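Notes follow the structure.
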Amino acid sequence: VAAQLQPHMHLISHHRFPLLAQLPVEQAYRYLLDAPSIVKQVAPMSWTYTTAPSDGTMWLEWIPVEKTDQPFPSDGYAWADPEATYRHELNGYTVEMRVHTMGFRPGVDQMASHARTRYHFVAKNPSVNAPPPDSALWLVHYHQAERMLPANQLQIAPQVQQILAQRRWLESLGRLELKEFMLHDRNNWPTVNLPGAAQMQQPGQPGAYGASSMAAMQMNQNRYPQQHYPQQSGNPREAKKPRLEGPRGSIPGASEAVPDATLELEEDTSLGDFFDHLTQRDISVARYMQHHRWMEEVFSSPYSSYSIVPTDLGLGLMGELKGLTEGILEPPSLDFVDRPDTKPLKAKEAQPFTNLKQEQVEEFGKRVEKHLEEGRAEIERMKAEHAAKMQDWKKVKALTQAEKRLKYATLQDTEDEVAVFRLEEPATNGQNEGASKEHVDDVVKDVESALKVKVTAHDDATRIARGGFKERKEP
Numbered sequence: 001v002a003a004q005l006q007p008h009m010h011l012i013s014h015h016r017f018p019l020l021a022q023l024p025v026e027q028a029y030r031y032l033l034d035a036p037s038i039v040k041q042v043a044p045m046s047w048t049y050t051t052a053p054s055d056g057t058m059w060l061e062w063i064p065v066e067k068t069d070q071p072f073p074s075d076g077y078a079w080a081d082p083e084a085t086y087r088h089e090l091n092g093y094t095v096e097m098r099v100h101t102m103g104f105r106p107g108v109d110q111m112a113s114h115a116r117t118r119y120h121f122v123a124k125n126p127s128v129n130a131p132p133p134d135s136a137l138w139l140v141h142y143h144q145a146e147r148m149l150p151a152n153q154l155q156i157a158p159q160v161q162q163i164l165a166q167r168r169w170l171e172s173l174g175r176l177e178l179k180e181f182m183l184h185d186r187n188n189w190p191t192v193n194l195p196g197a198a199q200m201q202q203p204g205q206p207g208a209y210g211a212s213s214m215a216a217m218q219m220n221q222n223r224y225p226q227q228h229y230p231q232q233s234g235n236p237r238e239a240k241k242p243r244l245e246g247p248r249g250s251i252p253g254a255s256e257a258v259p260d261a262t263l264e265l266e267e268d269t270s271l272g273d274f275f276d277h278l279t280q281r282d283i284s285v286a287r288y289m290q291h292h293r294w295m296e297e298v299f300s301s302p303y304s305s306y307s308i309v310p311t312d313l314g315l316g317l318m319g320e321l322k323g324l325t326e327g328i329l330e331p332p333s334l335d336f337v338d339r340p341d342t343k344p345l346k347a348k349e350a351q352p353f354t355n356l357k358q359e360q361v362e363e364f365g366k367r368v369e370k371h372l373e374e375g376r377a378e379i380e381r382m383k384a385e386h387a388a389k390m391q392d393w394k395k396v397k398a399l400t401q402a403e404k405r406l407k408y409a410t411l412q413d414t415e416d417e418v419a420v421f422r423l424e425e426p427a428t429n430g431q432n433e434g435a436s437k438e439h440v441d442d443v444v445k446d447v448e449s450a451l452k453v454k455v456t457a458h459d460d461a462t463r464i465a466r467g468g469f470k471e472r473k474e475p
C-alpha cells in the first residue's frame with residue numbers, strides 16, 4: 001500500500017455481519033472465535049476506504065500486530081475524544097476494547113452522536129484448552145453514543161484535521177480498483193497505489209488537500225457495492241465535483257450537506273436480502289463452526305462432563321396440542337414477551353432437564369394414540385360429509401341433464417311425434433329430421449334409476465264433470 005494511503009486504507013473481510021445497535025462483549029467474543037476460520041475459508045479480503053458507516057455497522061478487519069498501537073485508519077468521522085482502552089477476561093481469553101464516544105461528520109452532523117468500539121484478542125490463559133488468539137483480527141462496531149454533544153462545541157485536534165484534509169484530497173483523485181484476495185495467500189496480495197494521476201502530485205504540495213469538499217467523503221458508496229456495510233450513501237459524480245469547485249486555497253471542511261440515503265438502501269430489496277445470497281456451503285460452514293464452538297465449550301469447561309446437565313428445552317406443546325404434554329413436559333417460557341404495563345423481568349436461570357419417568361412416557365403415548373384416534377374419526381366424518389355433498393351434487397346434475405333431454409324428447413304412441421316443449425312449427429313434409437328419437441318415458445326411467453325415486457304425472461287441472469266441453473276434431 002502506498003505510503004500516502006496507509007493512514008486511510010482498511011483491510012476488511014467481505015463477510016457480512018448483522019446490523020446490531022448494541023454489541024455485548026460476549027457476542028463479540030464469539031465473533032472473534034470464528035474470525036480465523038472466516039478469513040481463511042469463508043470470505044476474501046480487500047483494501048478499501050470507509051466513509052462514515054451508519055450506526056449498527058460491523059465488520060472484520062486485519063491490522064498488523066506491529067501497528068496495533070498506531071492510530072486507526074480514517075473512517076470519515078471526526079473523533080473529539082481520545083480512544084479509551086479496556087480489557088475483559090472471558091473464558092480464558094483477554095478481550096481488549098478500544099472505544100471512541102464522540103464522533104461526528106464535519107459539516108454534516110449537528111450533534112456528536114456516534115461511537116466506535118474495536119475488539120480483539122490480546123492473550124489467552126495457557127491452562128485453557130482452546131486455539132491461540134489472532135491479535136491482528138479486529139471486530140469493528142459503530143453504534144450510537146450514550147452522551148450527545150453539539151458538534152460546534154467540540155475541539156478537533158490538528159492531527160485529526162490534517163487526516164481529514166488528506167482523506168478528502170485522496171478521495172477526490174478517483175476510485176480505487178477493488179482487488180479481492182485471501183488473507184493467508186500472501187503471494188497474491190495486490191499492490192495498492194494512488195489512483196490515476198495522483199502519483200504525479202504529492203499531497204505535501206501547498207493547497208493540495210484544500211481542493212475538495214466534504215461531498216467527496218460520500219464517493220465510495222458505489223465504489224464497492226458488494227461489501228457488507230451498505231449504509232453508506234453518495235455517488236461518484238458528487239465525489240468528483242470538488243475538483244472544479246473553488247480555488248485550491250479553499251478552507252478544508254467547508255462542505256455541503258449530503259442527504260443520507262441509509263433508509264432507502266436498507267429498504268431496497270430489488271437484488272434480494274442477506275438470506276437470498278446464502279449458499280448451501282455458507283449454511284453448512286456456519287453450522288459446522290457452531291457445533292465446533294459448542295464442543296470446545298464442553299471440553300474446555302472446568303467441570304466434569306458428567307456434571308454438565310442440558311437445560312430444559314421447553315418441549316411442552318401449547319395451543320390445541322397443550323393436552324398432550326400438560327403435566328409431562330414444560331412449555332417454553334414466555335418471560336421474554338415485553339409488556340408495557342410491567343417492568344422488564346430479570347433473566348431467569350435455565351432450569352435443568354430431568355429425565356421422564358416410565359409412567360410419564362406411557363401416559364404420553366396413550367394421549368398421542370387417543371389424539372390420533374380422534375383425528376382419524378374426524379377425517380372419516382369429513383369424508384362422509386363430503387360424499388353426501390357429492391351425492392346431492394350428482395342428483396342436481398342428473399336433473400339438469402334430464403331437463404335438457406326432455407326439451408327434445410317425443411311423446412310415445414302419438415301420430416306426429418313432436419317435441420313436447422318445441423315451439424317451432426312441424427315440418428311440412430311430415431318428417432322432422434332434427435327431432436330426437438328419444439321418448440319421454442326413457443328419460444323418466446333414467447331419472448328414476450339414478451335418483452332411486454318414482455316419477456308420477458301431475459296435472460295442473462283435473463276435469464270433474466264434462467259439462468259443455470267439446471272434443472277437438474282433427475281436420
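Position one of the sequence shown corresponds to residue 1 (UniProt numbering), numbered consecutively onward.
For each residue, glycine too, the CB sits at the ideal point set by N, CA and C.
The structure displayed is predicted, hence computed values, not measured ones.
If I follow the unbroken beta strand (DSSP E) through residue i, where does it start and stop?
i      : result
Gly103 : Tyr93 to Phe104
Trp47  : Met45 to Thr48
Ser54  : It is not in any beta strand (DSSP E) - Ser54 carries neither H nor E in the DSSP assignment.
Ser13  : His10 to Ser13
What are the partner residues of residue i, as DSSP defines its beta bridges?
i      : result
Val140 : Trp59 and Arg118
Lys124 : Tyr93
His277 : None; His277 has no bridge partner.
Tyr86  : Met97
Met295 : BP columns for Met295 are empty, so no partner.
Ala78  : Phe104
Leu149 : Ala112
What whole-angstrom Cβ distance do residue i and residue j have, given they're in contact under 8 Å?
i           : j      : result
Ala115      : Val99  : 7 Å
Leu117      : His88  : It is worth fixing the name first, because residue 117 is Thr in this sequence and not Leu. Not quite, the Cβ-Cβ distance comes to about 12 Å (not below 8 Å), so this is no contact.
His143      : Gly56  : 7 Å
Asp134      : Ala28  : With 8 Å as the limit, Asp134 and Ala28 do not qualify as a contact, their Cβ atoms being about 14 Å apart.
Ile328      : Gln360 : 5 Å
Leu324      : Arg367 : 5 Å
Glu330      : Gly314 : 6 Å
His8        : Arg186 : The Cβ separation is near 22 Å, so there is no contact.
Asn129      : Phe364 : About 40 Å; that fails the 8 Å criterion.
Asp446      : Ala402 : 7 Å
Asp81       : Thr68  : The pair is not a contact, with the Cβ atoms about 20 Å apart (cut-off 8 Å).
Pro190      : Lys179 : 4 Å
Leu32       : Phe104 : The Cβ separation is near 28 Å, so there is no contact.
Ala3        : Asn193 : With a Cβ gap of about 10 Å, Ala3 and Asn193 do not count as contacting.
residue 478 : Ala112 : Not covered by the structure: residue 478. The range shown for the chain is 1 to 475.
Pro73       : His10  : 5 Å
Phe181      : Pro64  : At roughly 16 Å, the Cβ-Cβ gap does not stay under 8 Å, so Phe181 and Pro64 are not in contact.
Gln110      : Ala52  : No, Gln110 and Ala52 are not in contact; Cβ-Cβ is about 14 Å, not under 8 Å.
Ala409      : His386 : Incorrect: roughly 34 Å between the Cβ atoms, too far for contact.
residue 479 : Leu451 : Since the first residue shown for the chain is 1 and the last is 475, residue 479 is missing from the structure and cannot be characterised.
Along the alpha helix (DSSP H) that carries residue i, what are the first and last residues, could you check?
i      : result
Ser449 : Val440 to Leu451
Leu399 : Gln358 to Tyr408
Val25  : Val25 to Ser37
Lys322 : Lys322 to Thr325
For residue i and chain D, any beta-carbon pair shorter than 7 Å?
i     : result
Ile38 : No chain D is part of this structure, which consists of one protein chain only.
### Message
Pairs of beta-carbons, one from the region 28–40 and one from the region 49–67, closer than 8 Å: are there three or more?
### Response
yes
### Message
So within the region 167–198, which uninterrupted beta strand (DSSP E) runs reach at least 3 residues, ignoring any that extend past its ends?
### Response
none
### Task
Flag this pair as touching only if the region 169–187 and the region 96–112 have three or more C-beta atom pairs under 8 Å; answer yes or no.
no
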